[in-house]
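Under the working numbering, the first residue of the sequence shown is numbered 1348, with each subsequent residue one higher.
Yeah, the Cβ is synthetic: ideal placement off N, Cα and C, and Gly gets one too.
Data block below; observations after.
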Amino acid sequence: MARLLTLGVLVSGSGSNLQALIDACQEGILKNKATIAVVISDKPNALALERAKKAGIPTLCLERQSYASTPLFMTALTQALLDHAIDLVCCAGFLKILSDDVLCHYQHRILNIHPALLPKYGGKGMYGHHVHEAVLAAGETESGCTVHFVNEGIDTGEIFLQAKVPIRAGDTPDLLAARVLKKEHELYPQAVLRYYESNHVHSEDRG
Ligand code: GRF
């Protein structure tokens, strides 16, 4: 059997996508395939940290203000991922932009989930409810979510997997956000499974 794919999950907030990954690793489609070795938050009060602790997953809180500069903060983040021998980094509502340091160490090994059908509705300012407001204001008939590789831009990395949701008459940003988030919880574990099948198993085969 191939070695478990070791995930490091980066969070800043409620961590519902983290929860979906935890559940998938414990009893779902990632069981016996992936494990979360560490959850790292840049916010000490993130609910995501509680979810991780409840699941018995090691947590770390790295706050930007504890470091003299952003590069030093990013170096600490990279080191924490290396210390936990992470194969794949999953950003799940992590609000900091990753520096070249992290990107170089984890080239094509960092995923992020975004609550829209990229390349539309991504970039600076396109987070949280702003995304769903923009989608509704544009009169779109569908929205969805995207798992993409992280590069040096904001939401510009290669698209890995997407799922769509319909837009219904009378939708509000809240209603649409809830529908998209539910879809995200299916999509992120599916994306990690696809990554596992297309990269990890084969790299194990090569010995
Ligand atoms: C999700 O909507 C995700 O697409 C975006 O941030 C939100 C995180 O939510 N990047 P949660 O913390 O996983 O509940």
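Where the beta strand (DSSP E) containing Leu1351 begins and where it ends: Within the sequence shown, residue 1351 is the residue found at index 4, counting from 1. First-last for Leu1351: undefined, no H or E at that position.
Closest residue to Val1497 among Gln1412, Phe1507 and Val1512 (Cα-Cα distance): Your numbering for residue 1497 matches position 150 in the sequence shown. Of the listed residues, the one whose Cα sits closest to Val1497 is Phe1507.
Top-ranked residue by Cα proximity to Ser1388, from Lys1529, Leu1424 and Tyr1474: In the sequence shown, the residue the question calls residue 1388 occupies position 41. Cα-wise, what sits closest to Ser1388 is Leu1424.
For Ala1427, the three-state DSSP class (helix, strand or coil): Mapped onto the sequence shown, residue 1427 falls at position 80. Helix.
Span of the alpha helix (DSSP H), counted from its first residue to its last, around Glu1531: The residue you call residue 1531 lines up with position 184 of the sequence shown. Note, Glu1531: alpha helix (DSSP H), Pro1520 to Tyr1542.
Short Cβ contact (8 Å threshold) for Gly1440 with Ala1463: Taking the first residue of the sequence shown as position 1, residue 1440 is located at position 93. Taking the first residue of the sequence shown as position 1, residue 1463 is located at position 116. Not a contact, by the Cβ cut-off of 8 Å.
Cβ-heavy atom distance, Ile1501 to the ligand GRF, below 7 Å: By 1-based counting over the sequence shown, the position of residue 1501 is 154. Outside the cutoff, so no.
Contact check, Leu1368 vs Pro1536, beta carbons under 8 Å: Position 21 of the sequence shown, counting from 1, holds the residue named residue 1368. Position 189 of the sequence shown, counting from 1, holds the residue named residue 1536. In contact: Leu1368 and Pro1536 (Cβ atoms closer than 8 Å).
Near the ligand GRF: Pro1536 beta-carbon under 7 Å from a heavy atom: Against the sequence shown, residue 1536 aligns to sequence position 189. No; taking the cut-off as 7 Å, the Cβ of Pro1536 has no heavy atom of the ligand GRF nearer than that.
Beta-carbon proximity check, Leu1540 vs Lys1380, cutoff 8 Å: In the sequence shown, the residue the question calls residue 1540 occupies position 193. In the sequence shown, the residue the question calls residue 1380 occupies position 33. Yes. Within cutoff.
Check whether Asp1434 and Thr1353 have beta carbons under 8 Å apart: The residue labelled residue 1434 in the question sits at position 87 within the sequence shown. The residue labelled residue 1353 in the question sits at position 6 within the sequence shown. Yes; because the gap between Cβ atoms is below 8 Å, this pair is in contact.
When Leu1429, Leu1409, Ile1514 and Ser1359 are compared against Arg1398, the one with the closest alpha-carbon: Position 51 of the sequence shown, counting from 1, holds the residue named residue 1398. Closest option to Arg1398, Cα to Cα, is Ser1359.
Glu1374, enclosing alpha helix (DSSP H) - first and last residue: Residue 1374 sits at position 27 when you count from the first residue of the sequence shown. Glu1374 -> alpha helix (DSSP H) spans Ser1363 to Glu1374.
C-beta neighbour in chain C for Phe1441, strict 8 Å: Looking for chain C here will not work: only one protein chain is present.
Spatially closest choice to Lys1467 from Ile1383, Lys1511, Gln1366 and Glu1544, by CA coordinates: Translated into positions along the sequence shown, residue 1467 becomes position 120. The option with the nearest alpha carbon to Lys1467 is Lys1511.
Pro1391 vs Glu1374 beta-carbon contact at 8 Å: For this step, residue 1391 is matched to residue 44 along the sequence shown. For this step, residue 1374 is matched to residue 27 along the sequence shown. Their beta carbons are not under 8 Å apart, which means Pro1391 does not touch Glu1374 by this criterion.
Sequence-distant residues of its chain with Cβ nearer than 6 Å to Val1478 (five each side left out): Working through the sequence shown from its first residue, we reach residue 1478 at position 131. Here the set comprises Pro1462, Ala1463 and Tyr1468.
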